[in-house]
Amino acid sequence: MDGIRNPHIPRPGNGEWVGGEIARQFWENAIRRVSPIVQTRFINEFQAYLNAVVDEATDRESRYIRNIEDYFKIRRNTIGAKPSFAICEMYMNIPEEVMRHPVIKKLRELAIDMIIIGNDLCSYNVEQARGDDTHNLVTIVMHELKLDIQGAINWIGELNDDLATEFLKEYYNLPTFKGFEHDILAYCKGLGNWVRANDSWSFESERYFGRAGRYIQTSRRVPLLPKRKALNLPLRK
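When we follow my numbering, the leftmost residue of the sequence shown carries the number 140, and every step to the right adds one.
Shown next, in the form of structure tokens:
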């Protein structure tokens, strides 16, 4: 965060983790094109993301399983969508009072929740295999509602359908924001595109399903991996 807040000051050497300098260079390049109001929004959202990741790490270390409501509260930050949305509006100059409008806030939250669902459904298999699935909606639902894996996935699928229906309802009833109509429409379309793109990326990359992603996307069937077995695919989240 210090690198992002001071992007024109190169990070000191002295064995500091290279991530600080990477973040600084990224933001130094980005602010050449990003409007001042979006810069502020990104910095605030990225700080909230990092704070939440620390809380997630604490949960994982203690194997603490949250309830569904509390999980969504922290996951809306750990998923990293909010700072990413800020990057999506880098060429825009939407004022904060417009972004705080109830409809815009609702659309943003609905998109984030659908991204959470898509990510957690796809990442669950590799996470349960390595015993690291306590911060995953499938495990959360199984634990709170006393369901098996398939029952939890069915419940989550119905929740996602409800969220998608609500998103489209809110989208088609967007109020008029005089002077910002074009930017707001583009931003809200971007929220929907983010949900769809995250779904496509999850199957087209090899992060969760190895080279079987395209097949699984069509078959909708995922063979459950054995626990704690070395896997020939990426296991990071």
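C-beta: ideal position from N, C-alpha, C; glycine also.
This structure is a prediction, so every number in the text was calculated from the model and none was measured.
Proximity to residue i [Cα-Cα], best of the options
| i | options | result |
| --- | --- | --- |
| A291 | I256, R367, I226 and V265 | I256 |
| N258 | N312, V237, T217 and I243 | T217 |
| M231 | K366, G318 and L260 | G318 |
| D338 | R353, Q186 and L324 | R353 |
| L189 | D322, F342, I143 and R367 | I143 |
| D300 | G349, G329 and V334 | V334 |
| R269 | R199, T315 and F165 | R199 |
Backbone secondary structure at residue i - three-state DSSP
| i | result |
| --- | --- |
| G154 | coil |
| P382 | Look at the range of the chain in this structure, 140 to 376, and you will see that residue 382 is not part of it. |
| H147 | coil |
| N293 | helix |
| K317 | coil |
| K366 | coil |
| H282 | helix |
| R350 | helix |
| Y310 | helix |
| P345 | The sequence shown places Glu at residue 345, rather than the Pro named in the question. Coil at E345, not helix or strand. |
| N275 | coil |
Cβ pair residue i, residue j closer than 8 angstroms
| i | j | result |
| --- | --- | --- |
| H282 | E195 | no |
| Y310 | G331 | yes |
| R150 | R171 | no |
| E184 | K221 | yes |
| F306 | L364 | no |
| L298 | V242 | no |
| I295 | L260 | yes |
| Y347 | V280 | no |
| V237 | I323 | yes |
| E208 | V177 | no |
Exposure of residue i, with buried meaning 16 or more beta-carbon neighbours within 10 Å
| i | result |
| --- | --- |
| T278 | buried |
| W156 | exposed |
| S201 | exposed |
| I341 | Here residue 341 is Ser; the residue named in the question, Ile, does not match the sequence. Answer is buried; the Cβ neighbour count reaches 16. |
Whole-Å CB distance - residue i paired with residue j, under 8 angstroms assumed
| i | j | result |
| --- | --- | --- |
| I213 | A191 | 6 angstroms |
| D141 | G158 | D141 to G158, Cβ: 11 angstroms. No contact. |
| F224 | R205 | So it is not a contact: roughly 24 angstroms between Cβ atoms. |
| L276 | Y210 | 7 angstroms |
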